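Numbered continuously in our numbering, the sequence shown closes out at residue 2031. Please read the structure below before turning to the comments.
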Amino acid sequence: TPTIPYELGEPGYHDNISLLEWVIPDEVISFVDILVVEYEDTIDNIGFVRYGFDEDFVVFWLGDNRITEEPGKLTFDMTGYGGILVGIFLDMEIYRSNVKRVYLDVQPNLSPYKAIYVDASNPEEGDGTLLNPFRDLRQAGRNAKSGDTIIVADGIYYGSVSVPSGEEGRPTILMAAEGARPVLTTTIPFNGPWTPYKDNIYVATIMLDFSSVFEDDKFLPQVFVDGVAMIEARWPNLPGSDKSVIMEQERVLAQEGTNLNTIVSSEDVPDNIDDAYVVIWAGHGAHLATSAIESIDGNILNLASSIDHSQGMWPELYQPTAGNMFYLTNSLSLLDAPGEYYYDRNNRRLYFYAPNGEDPTGLNITLKVDDDINAIMLGRHSYVTVDGFDIFGAGIHTEDSDNIIIQNCAIRYANHFNVYSGDAGHLHLNLSSNSVIRNCEIGPTASYGIGVFGENIIITNNVFFNCNYSGENTLTTAALMMAQSQSNEISFNTFINTGGSFINASLWDGGNFIDTTIRNNHFINPMMLTSGQGSVFYIYNADGRGTEIYNNFIEIEEHVNFGEFNSSAGISLDGGTENFKVHHNIIKGSFNVGLSAGVPSSSEFYNNTIIGAVHGISPAETGVTFKDNLFVDIQDTDILHFGSSDNYVDDFVDGTIPVPGVISSGNARGTIDELFRPTLETPDIGAIPRGGDMFEYGATWLLGDVQDSDGIIPDDTNLNVVAPEPEPEPEPEPESTLGQVLSIFSDNMILWIIIGAAGVLVVVLVVVIIVDRRKKRS
């Protein structure tokens, strides 16, 4: 296709923007390789504008994507940017007046499918062949065509990569080489220089060449050592020196007198905490909120801004009150423990107390500088497979994409909590229709793990851990956030530790959750930082129409540090949710309610086994069915959390007496064996029938089973980088002289050979002497 020229148009939305409205056809969007700008004088920087999410303009700065610079033109790599509206954003009016023409050079796909090789250890730039691979993964993405396969060797690859869409039956593949575990990260290596500040704290200035990304007054960098996230300075301190212990964080209990403008601490607050922020789980303990601290009077914190998320509804549930948990952060004076850091935005100075108190100069430190940047850019893509990567400090952008397969990957620290805005992190892995994610490790994340938007999505055999470590628990924050969806399957995954719910589908405006299956998963310890809503599943205002939740094994340990609050229902279908079937699940542990249905509801709960809850059932007033559920060790005398005790006969155990009202027949208390089967006179109800087998559940692998990457992401079974104290070796028991001699002989084969040879020589000499004497006598 010939080059398409455009005369520069009139300025658009403001004097520094001129738009060139050229709609790129979908069939060639993957092959728009370069943007050529012809100009007079010198242009230092140029932006590329396209429509983005919610039809807002998104500006891509192209300074890092320049390929060549020739007299009269600049050439930029545009592969993977995509978009439907192209334009030029100029920094200054003088630049706009100097630009004469803009060319969009569309390069059609004329090459056959091919393999492109990448190896970070190649001393040359390379050409993508097996014998001379590209050194830069981004260069491989720029040279790939639809249906190509990019094969990546071990190494650490910085920055974002995009590949073109594939086709049905011929996807574009981005994969690790056989036996390799390459690392993809958008973090920036940072080497200081570091100088001592005081005690074990060192300080370094972030130079201007990339500190401009920190100038946003609502942004904070995230610091990593060997791929493990460090801790923002805080009070009280975490029990370890990195974020692997974030789910065990210490917090302070708010006392009487706490309100939307004031927090009364249960203990005295540290002195001189200038610019500090409070992070509090306000109201009923489900919603995280932040505010700068205006002043401190003993144990009283006066807030710079009011905290009120009620928006006029249920203020008692969304405003700070006694019993809420909180901590303080964002002050240099709070920097007093290994692994903590503080960033002074005004002076661009980073203060760091290294994990072992050492000089950080020799550590492998990287900084996450933008929560919007992803390691792999697949927005508006189709038919792409990603296989075998460790990704940290970033995620995979898949918004508005379809037919995407992600497998055998570890995605860690994809998003980051921002104390200034209260932002719990962006959603990066956003699966659209006809996509699969399997055999992956997802977490830790500050908020979401995966978002599900669309139909025919399969999420299977993955391990999610430490998701939502910020502790935000809005109606859309979860390890797995599901929006409008249809015919999706969530199966055989293991979920370990989350700040809020594991699966959340909250459709405020009403919507469909049609024909979705959530089965054979293993859930361990939800709601570790929050309280309030559904512990494992929280579904609001959704129409199921064929959706089933079954054969899931749920374990909920008792959490400390909640004050008067605790986690809510194991499975909660809240107001407006209807047409769900919840059956043959096991919910075991310490939690408030086993099964909950809001008003109105028309769903069925049957053959579930609830063990150890305070209450068994929290029913809607009408339309819901609870049948043949088995309750074991329920703490309350009434299975019902709400409702009249007249609707339940406390001593029935045979499962045959119908209960008036919304509770159907067959629910009973009873006992079970180690395989969760009814015992003694307990009726044959619940998740596992008498004499039956336990269903299979969870992923087929555990954390730590995944091959280690190239030295930057450690084994998950020991994430904390604090070196343990060496155990003294036991003193050896004294040996006798004879024992020492025998020990020397037993450990030295050569010594035995020498002794044996000497013995033979002695025998020979003796024989010679005897023979000689006999000869003399004769």
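Just so you know, even glycine gets a beta-carbon here, dropped at the ideal spot from N, CA and C. Just so we're clear, the structure is a prediction, and the values are computed from it rather than from any experiment.
Item                                                                                                                        : Value
Any 3 or more C-beta pairs closer than 8 Å across the region 1602-1611 and the region 1550-1564                             : no
Whole beta strand (DSSP E) elements within the region 1378-1416, 3-residue minimum                                          : 1402-1405, 1409-1411
Contact set for E1988: own chain, Cβ-Cβ below 6 Å, skip 5 residues either direction                                         : Model confidence at E1988 stands at a pLDDT of 43, short of 50, so the residue's coordinates are unreliable; what they give is reported in the following sentence. Excluding sequence neighbours, E1988 sits near nothing in its chain.
Residues that D1597 bridges to, as DSSP identifies them                                                                     : R1602
N-terminal and C-terminal residue of the beta strand (DSSP E) that L1473 is part of                                         : Neither: L1473 is in no beta strand (DSSP E) and is coded neither H nor E.
Endpoints, beta strand (DSSP E) assigned at R1434                                                                           : Looking at the DSSP string, R1434 is not in any beta strand (DSSP E), and its letter there is neither H nor E.
Residue range of the unbroken beta strand (DSSP E) whose run includes W1447                                                 : First-last for W1447: undefined, no H or E at that position.
Sequence-distant residues of its chain with Cβ nearer than 6 Å to I1863 (five each side left out)                           : I1840, G1847, G1869, F1884
Supposed close pair V1716, E1742 - CB separation, criterion 8 Å                                                             : V1716 to E1742, Cβ: 17 Å. No contact.
CB contact flag (D1643, A1663, <7 Å)                                                                                        : yes
Reference N1555, options Y1803, E1593, V1478, P1573, closest by Cα                                                          : P1573
Three-state class that DSSP yields for E1949 in the structure shown                                                         : coil
Cβ-based burial, P1942 [other Cβ within 10 Å; buried from 16]                                                               : exposed
Under the three-state DSSP convention, the category V1531 falls into                                                        : strand
Bounding residues of the beta strand (DSSP E) (the contiguous stretch that carries M1734)                                   : 1733-1739
Own chain partners of T1408 with C-beta closer than 8 Å, once the 5 adjacent residues on each side are dropped              : Thr is not the amino acid found at residue 1408; the sequence shown has Gly there. Result list for G1408: D1372, A1373, S1374, P1435, V1436, D1963, in chain order.
Strand pairing of F1884, partner residues [DSSP]                                                                            : I1863, R1922
Assumed close pair T1440, G1646 - CB separation to whole angstroms, cut-off 8 Å                                             : 4 Å
C-beta atoms of V1517 and I1553 nearer than 7 Å                                                                             : yes
The region 1918-1934 contacting the region 1707-1722, beta-carbon criterion three pairs below 8 Å                           : no
The beta strand (DSSP E) enclosing F1718, as first and last residue numbers                                                 : 1716-1720
Beta-carbon contacts of G1632 that lie in its chain and below 8 Å, excluding the five residues immediately before and after : G1335, H1650, T1651, E1652, D1653, S1654
Contact with chain D by I1499, beta-carbon distance below 7 Å                                                               : Looking at the structure shown, chain D is missing, and only one protein chain is on hand.
6 Å CB neighbourhood of T1511 in its chain, flanking five on each side removed                                              : V1517, P1573, T1574, A1575
N-terminal and C-terminal residue of the beta strand (DSSP E) that K1834 is part of                                         : 1831-1836
CB of G1400 within 7 Å of CB of R1423, strictly                                                                             : yes
contact_flag[the region 1609-1626, the region 1373-1388] where n(CB pairs < 8 Å) is 3 or more                               : no
Nearest-angstrom Cα separation, counted from A1368 out to I1533                                                             : 52 Å
Integer-rounded CB distance, given that L1581 should sit under 8 Å from A1529                                               : 5 Å
Assumed close pair V1639, L1491 - CB separation to whole angstroms, cut-off 8 Å                                             : Incorrect: roughly 33 Å between the Cβ atoms, too far for contact.
DSSP three-state assignment for I1941, whether helix, strand or coil                                                        : coil
C-alpha gap between E1725 and N1882, whole angstroms                                                                        : 32 Å
Where L1933 falls, given that 16 or more other Cβ within 10 Å makes a residue buried                                        : exposed
The beta strand (DSSP E) enclosing D1796, as first and last residue numbers                                                 : 1790-1803
Beta-carbon separation (whole angstroms), N1774 vs N1750, contact threshold 8 Å                                             : Incorrect: roughly 15 Å between the Cβ atoms, too far for contact.
Spatially closest choice to I1690 from G1704, I1454, P1489, by CA coordinates                                               : G1704
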